[in-house]
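Take a look at the structure below.
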Amino acid sequence: MTLIRHELRQGRISFIIWTASIGFLLAVCVFLFPEMKGQMEDMGDMFSSMGSFSDAFGMDRLNFGTLMGFYAIECGNVLGLGGAFFASLCAAGILSKEEKDRTAEFLLTHPVNRARIVTGKLAAVYVQIAVMNLIIYGISVASIAAIGEDVPWKELNLLHLAYFLLQAELAGICFGISAFARRGGVSIGLGIAAGMYFLNLVANIAREAEFLKYITPFGYAEGADIVTEGHLDGKLAAIGLAFGAVGIAAAYGKYCRKDIR
Amino acid sequence: MDAIKIENLTKYYGKARGIREINLTVAKGEFFGFIGPNGAGKSTTIRTLLGLISPTSGRASVFGLDIVKDKQEILARTGYLPSEAVFYAGMRVREVLKLSANLREKDCGEEAGRLCEQLQLDTARKVEELSFGNRKKVGIVCALQHEPALLVLDEPTSGLDPLMQKAFFDILRERNRAGATVFLSSHILSEIQHNCTRAAIIREGEIIACDSVETLSKTTARRVSVRGTVVLEGLAGIRDREDSPGGVNFLYSGDMNLLLQRLAAGSVSDLSVSEPDLEEIFMHYYRKQVQLPKKEAEYDTDKT
């Protein structure tokens, strides 16, 4: 518990900034909906017929004029991308920072075995991700209620579950990278999050690139698919979580044997 | 039981040499010095002992516990002061000390308070605001507050003012008298000479001498300083000769009678003959031209 508390304390400013930013942007998007609702009824056809651009963001399958269509696209991008960046940033630096900031000598010369250190740090990453998602979920529900719309519980829960799984997967992968990196883990993590997002855009645009959905977690967190089909693609989610699990296993394997310089 | 026993310990970083076939024993309760310049392998030896890096070959034990298998137990009984103490930014000194105690699952508040008072350490300050010397003090308290049986200190006095150095060595001697083993790595030879009972010298990853400090300091050679004029040409056993306008200074390991004859023949206004200090012994071991085994070297330590 000492290590988890320490890590949560170390990451609290980043956590507050990211949670507040995502929560604020998400609430702003929801509060814009009543204003845009009327206009969207006229513009819906235009948004869904912009060719590849519509395909890339799933606008060809969603109605911008409905709360869930609007939420899945606008809020989905805010939470999907913002959450992915936060999870990657948080996980990619958590092990490598000890060597980068030269605090590894302090930490690792205490009688705490390395597997416990890895577990403590991993728990701290997932606690932050889980708490951030709960806060964002609360803000989202409160914002929808505040604009007088009925909360579409099923779709909303599925979307938020998908974004949580996406973040969990990216965090697992980046946690693995963090164990190998001595410095620069954070940039790699952010690069992976951005790269995965663009892979999904490519998969949405080109039919021959659809296999990319098996690689990027944004594939199973695609708002258009979740809202139109009413469920998560379990196969894609399971593959994604397996990637995350491999990252975590690699982190244990590497960090427990790593020479600390 | 030995506090530290190192057998043929070798560490390579890829192809780069860290330490090679090191053998060393430190007895329980000993105040042991580990001498060598930067890059000689001192820190690699210490980091291997503490499990920060894995040995390439060989083995070592601390209080009979294997450094690879029993790392956690060894760390519980060890206090380590790194050469450069770095802590988590944003934390206050008291929070760092508490974190260290919590990681050891020990309540060290009373001892930490006593040490902070002795070292005049302000625990309310943030660690990033501290000078190098004050950060060192935080490291010292972290290393000592749990009253470990073994203290491993890597360049402990760098950044400390002379008064603090004295206070620090007073604490170390007190701990040593209470039974703690001290392993002091330093390139400040006076520290070793004044505090340690035994010492090892490491050069290019290999131990080149290990003996009591007294024996290491004993030598047949003498440092001779002459004011005046004297003809020394042709006299065997002269090293490190330095001529100055008013005299000459050299290390002499030849026949003392022959030297006295030369001095008597010259015009000498002042003369001093002294034992070389540990620093000169150390320099001797590090001299590039002296690649001979110890027994063949011109500047042998006198073990008789």
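Residue numbers (the working numbering), protein chains in the order written: chain A, 9 to 269; chain B, 2 to 305. Note that beta-carbon positions come from the ideal geometry of N, C-alpha and C, so glycine has one too.
Through-space distance from residue j to residue i, alpha-carbon basis
i	j	result
residue 200 of chain B	residue 133 of chain B	27 Å
residue 141 of chain B	residue 163 of chain A	57 Å
residue 85 of chain A	residue 11 of chain A	33 Å
residue 180 of chain B	residue 153 of chain B	14 Å
residue 232 of chain A	residue 136 of chain B	55 Å
residue 206 of chain B	residue 18 of chain B	7 Å
residue 37 of chain B	residue 203 of chain B	5 Å
residue 123 of chain A	residue 68 of chain B	17 Å
residue 281 of chain B	residue 191 of chain B	11 Å
residue 122 of chain B	residue 139 of chain B	8 Å
residue 27 of chain B	residue 72 of chain B	18 Å
residue 57 of chain B	residue 186 of chain B	22 Å
residue 244 of chain A	residue 161 of chain A	23 Å
residue 257 of chain A	residue 237 of chain A	33 Å
residue 22 of chain A	residue 33 of chain A	16 Å
residue 19 of chain A	residue 145 of chain B	29 Å
residue 268 of chain A	residue 116 of chain A	9 Å
residue 90 of chain B	residue 44 of chain A	46 Å
residue 174 of chain A	residue 92 of chain A	7 Å
residue 336 of chain B	residue 119 of chain A	The requested residue 336 of chain B is not part of the displayed model; chain B covers only 2 to 305.
residue 298 of chain B	residue 196 of chain A	Its pLDDT being 38, under 50, residue 298 of chain B is placed unreliably by the model, and the measurement read from it follows with that caveat. Residue 298 of chain B and residue 196 of chain A: Cα-Cα distance of roughly 55 Å.
residue 171 of chain B	residue 218 of chain B	23 Å
residue 176 of chain A	residue 201 of chain A	12 Å
residue 245 of chain B	residue 251 of chain B	11 Å
residue 145 of chain A	residue 208 of chain A	24 Å
residue 242 of chain A	residue 169 of chain A	12 Å
residue 321 of chain B	residue 53 of chain B	Any answer about residue 321 of chain B is impossible in this case: the structure gives chain B only from 2 up to 305.
residue 296 of chain B	residue 215 of chain B	Bear in mind that the predicted position of residue 296 of chain B carries a pLDDT of just 37, short of 50, making it unreliable; the figure below should be weighed with that in mind. If you take the alpha carbons of residue 296 of chain B and residue 215 of chain B, they lie about 18 Å apart.
residue 263 of chain A	residue 112 of chain B	33 Å
Backbone secondary structure at residue i - three-state DSSP
i	result
residue 266 of chain B	helix
residue 236 of chain A	helix
residue 186 of chain A	helix
residue 103 of chain B	helix
residue 69 of chain B	coil
residue 94 of chain A	helix
residue 10 of chain B	strand
residue 154 of chain B	strand
residue 226 of chain A	coil
residue 244 of chain A	helix
residue 71 of chain A	coil
residue 39 of chain B	coil
residue 132 of chain B	coil
residue 268 of chain A	coil
residue 89 of chain B	coil
residue 85 of chain A	helix
residue 130 of chain A	helix
residue 25 of chain B	strand
residue 248 of chain B	strand
residue 231 of chain B	coil
residue 255 of chain B	coil
residue 20 of chain A	helix
residue 126 of chain B	coil
residue 153 of chain A	helix
residue 80 of chain A	helix
residue 5 of chain B	strand
residue 54 of chain B	coil
Nearest residue (CA-CA) to residue i, options the options
i	options	result
residue 24 of chain A	A/139, A/77, A/35 and A/101	A/139
residue 75 of chain B	B/225, B/61 and B/212	B/61
residue 311 of chain A	A/27, A/132, A/17 and A/22	Because chain A here runs from 9 to 269, residue 311 of chain A falls outside it and cannot be looked at.
residue 275 of chain B	B/50, B/20 and B/257	B/257
residue 191 of chain A	A/132, A/33, A/96 and A/101	A/101
residue 224 of chain B	B/247, B/194, B/193 and B/260	B/260
residue 85 of chain B	A/110, A/13, A/247 and A/251	A/110
residue 174 of chain B	B/33, B/245, B/215 and B/59	B/33
residue 98 of chain A	A/203, A/76, A/74 and A/17	A/17
residue 90 of chain A	A/166, A/217, A/181 and A/198	A/198
Beta strand (DSSP E) runs contained entirely in the stretch 170-216 of chain B, provided each spans 3 or more residues:
182-187, 199-204 and 207-213
Below 8 Å, can you find three or more Cβ-Cβ pairs linking the stretch 56-74 of chain B to the stretch 215-234 of chain B?
no
Could you tell me whether the stretch 10-28 of chain B touches the stretch 202-212 of chain A, where touching means 3 or more Cβ pairs closer than 8 Å?
no
For the 8 Å Cβ check, are there 3 or more pairs between the stretch 220-227 of chain A and the stretch 152-163 of chain A?
no
Would you check if the stretch 79-94 of chain A and the stretch 42-60 of chain B touch, i.e. whether three or more CB-CB distances between them fall below 8 Å?
no
Closer than 8 Å is the cut-off here; do at least three beta carbon pairs connect the stretch 94-109 of chain B with the stretch 150-164 of chain B?
no
Contact the stretch 189-207 of chain A vs the stretch 125-133 of chain A: 3+ CB pairs below 8 Å:
no
Anything in the stretch 55-74 of chain B with a Cβ closer than 9 Å to a Cβ of chain E? List those residues in chain order, please.
Here the protein chains are A and B, and chain E is not one of them.
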